[in-house]
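Participant:
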Amino acid sequence: MFVPRREKRYNGALEDNDDQPMTLQTRIHAINFVRKLSITSILFLLPLRFLALGFDGWQIGAIVSMFAVAPLLASFPTGWINDRLSMAGVIRGGLLAQGILLFGLAGIKSFPLMAAAFLFLGTANNVLDVSFNSLYYKDETAMDQNRKYGIYVFWIGLGPAVGIFAGGFLIRAADFRLYLAVLAAATLFVVAAVRRLDHVKFHRVSLREYGRNILRKKTLLFILFVFILALHWGVEGTVFSPFLQRAFGLKDLGLSMFISIGLFFLSFAAVLIGFLKFNLRANKRLLLLAMFLSGAGFALMAVVRNAAVSLIFNVVHQVGDGALGALLTLFTSRLFEKRSIGGSAGLAQSMPILGQMAGAMIFSPLGYRFGLQYPFIICGGLLALNALFGAVLFRRIEY
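When we follow this note's numbering, the leftmost residue of the sequence shown carries the number 682, and every step to the right adds one.
Here it is, written out as structure tokens:
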């Protein structure tokens, strides 16, 4: 793994310790790889199961929206707890909840129960996202910032790529229920790796300080920039796999390979950012280029009627997303002080989730009624325009 030699956490800093079997960062990367392998995989593949269960476009959009709406309630409380009380306990609880819910999904066939399950699953996922982000932001290991966040997003992106690729084989050989059981078991397996994560110095931070952090002009504009990006997450969670099935006749393994190949490129694009030495001005230019590539690739892969050419544009889109993931995480780490970054970043993270929810609720019914290609074209165009908004934003405000 791309991690320094063994270290020990002590009051917000790391010291060498050759007796520790896994470094803090190695442990974080391993858990993130497995949990994202599980949770993101089902967001891409379960819409096919929803269609088989007879759910329509509105219902699929509502289910994915339940997954997205949970962070609006959970993000700030989780970040506040991360700043003041505990991280390891929250992470352990989130992993247990995610594993149990994945087991439960295998037996759910009704729309109300599926929506409720996705609400709780979204809560567990958000609790883990906010807690791991807080822990990684607070880590003060001396290393280049591009490398730090490029490696972080690499492991987060690699998990879904592996999970979807393996899922194609499992679904083809058995069914979705076995696939969900395997994902649940993998999630529960890594709970043991949570030990020794809680070596952070906590602070008392007032609610007023969190409010000031969020209501600054630079924070609000940054959130809007990410909100527009988040619209396409709702499209991916509702119409991506059905589009591939209808447009190109892809099923099981072929569909999984199409999606996973793009995600492999996403993870490697993130780690490539880590090979570039930190330079704020260059990072801003890369961020805008990545946003444009993400949007252009997203739109064009739905315009063409050839699976191989569409895959190329999907790769372009995912390369943009991978670079965006690393760079946006880096810029978020610069928005807030370490002592309050858990709650502040949690609040900031909850706002763009509205974009995912809006994307699911707007584009899922639109796609299933008028054509599954239209959500990609519209969202891709919005992302490309967002690059222009970013050019103005980063020129006028220092991040």
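We treat Cβ as the ideally placed atom computed from N, Cα and C, and that holds for glycine.
1) Do you know offhand how far L931's Cα is from V985's?
2) Please give the ranges of any alpha helix (DSSP H) in the region 793–878, keeping only runs that are unbroken, at least 4 residues long and fully inside the region.
3) Tell me which residue opens and which closes the alpha helix (DSSP H) that M768 is part of.
4) Can you give me the C-alpha to C-alpha distance between I1078 and K899, rounded to a whole angstrom?
5) Does P728 come out as helix, strand or coil in the three-state DSSP assignment?
6) Can the beta-carbon of L865 be found less than 8 angstroms from the beta-carbon of F939?
7) Excluding the five sequence neighbours on either side, which residues of its own chain have a C-beta within less than 7 angstroms of the C-beta of V872, listed in chain order?
8) Excluding sequence positions up to five away, which residues of its chain have a Cβ less than 7 angstroms from the Cβ of G742?
9) From this set, Q706, V834, I904, which residue's C-alpha is nearest L944's C-alpha?
10) What are the boundary residues of the alpha helix (DSSP H) that includes T900?
11) Give every residue of the same chain whose Cβ lies closer than 6 angstroms to the Cβ of K717, excluding the five residues on either side of it in the sequence, and list them in chain order.
12) Would you check if the region 996–1005 and the region 948–965 touch, i.e. whether three or more CB-CB distances between them fall below 8 angstroms?
13) Determine the extent of the alpha helix (DSSP H) in which V920 is found, giving its start and end residues.
14) Taking Cβ positions, are G1061 and A1007 nearer each other than 8 angstroms?
15) In the structure shown, what three-state DSSP assignment does L1064 receive?
16) Do the region 904–923 and the region 720–735 make contact, defined as three or more Cβ pairs closer than 8 angstroms?
17) Whole angstroms is fine: what's the gap from L910's alpha carbon to M795's?
18) Mind reading off the beta-carbon distance from S791 to Y891? Whole number of angstroms is fine, and I expect it under 8 angstroms.
19) For E1018, does the count of other Cβ atoms within 10 angstroms reach 16, so buried, or fall short, so exposed?
20) So what does DSSP say about D700, is it helix, strand or coil?
21) Near V990, what residues of its chain come up, given a Cβ to Cβ distance below 6 angstroms and the 5 sequence neighbours on each side ignored?
22) Under DSSP, the alpha helix (DSSP H) around K790 begins and ends at which residues?
23) If you draw a straight line from the C-alpha of L1069 to the C-alpha of L969, how long is it?
24) The alpha helix (DSSP H) spanning G943 covers which residue range?
25) Which of the three DSSP states is assigned to D737 in this structure?
26) Determine, using beta carbons only, whether S815 and A1072 come nearer to each other than 8 angstroms.
27) Relative to the C-alpha of I656, which candidate in E821, L861, A1065 has its C-alpha closest?
28) Can you name, in chain order, every residue of its own chain whose Cβ lies under 6 angstroms from the Cβ of G955, other than the five neighbours on each side?
29) Name the residue from A823, G935, K819 whose alpha carbon lies nearest to the alpha carbon of F846.
30) In whole angstroms, what separates the C-alpha of I1058 from that of L753?
31) How would you write the range of the alpha helix (DSSP H) that V990 sits in, first residue to last?
32) Per DSSP, what kind of secondary structure is N718 in: helix, strand or coil?
Facilitator: Short version:
1) 15 angstroms
2) 826–854, 857–870
3) From DSSP, M768 is part of no alpha helix (DSSP H); its letter is neither H nor E.
4) 7 angstroms
5) helix
6) In the sequence under discussion, the amino acid at residue 865 is Ala, which differs from the Leu named in the question. Cβ distance not < 8 angstroms, so A865 and F939 don't count as in contact.
7) R773, L776, L777
8) Closer than 7 angstroms at Cβ, skipping near neighbours: T919, A1041, M1042, S1045, P1046.
9) Nearest option by C-alpha distance: V834.
10) 898–917
11) I837, G840, P841
12) yes
13) Here V920 belongs to no alpha helix (DSSP H), and DSSP marks it neither H nor E.
14) no
15) Look at L1064 here: in three-state DSSP terms it is helix.
16) yes
17) 26 angstroms
18) Taking C-beta atoms under 8 angstroms as the contact rule, S791 and Y891 fail to qualify, at a distance of about 39 angstroms.
19) exposed
20) Unreliable positioning characterises D700 in this predicted model, as indicated by a pLDDT of 37, which lies under 50. The coordinate reading is nonetheless provided below. Here D700 sits in coil by DSSP.
21) none
22) Where K790 is concerned, there is no enclosing alpha helix (DSSP H), given that its DSSP letter is neither H nor E.
23) 8 angstroms
24) Counting along the chain, the alpha helix (DSSP H) containing G943 begins and ends at 933–956.
25) coil
26) no
27) Nothing about residue 656 can be reported from this structure: the residues present for the chain run from 682 to 1080 only.
28) N827, R828, G831, I832
29) G935
30) 28 angstroms
31) 988–1016
32) Per the sequence presented here, residue 718 reads as Leu, with Asn not at that position. Here L718 sits in helix by DSSP.
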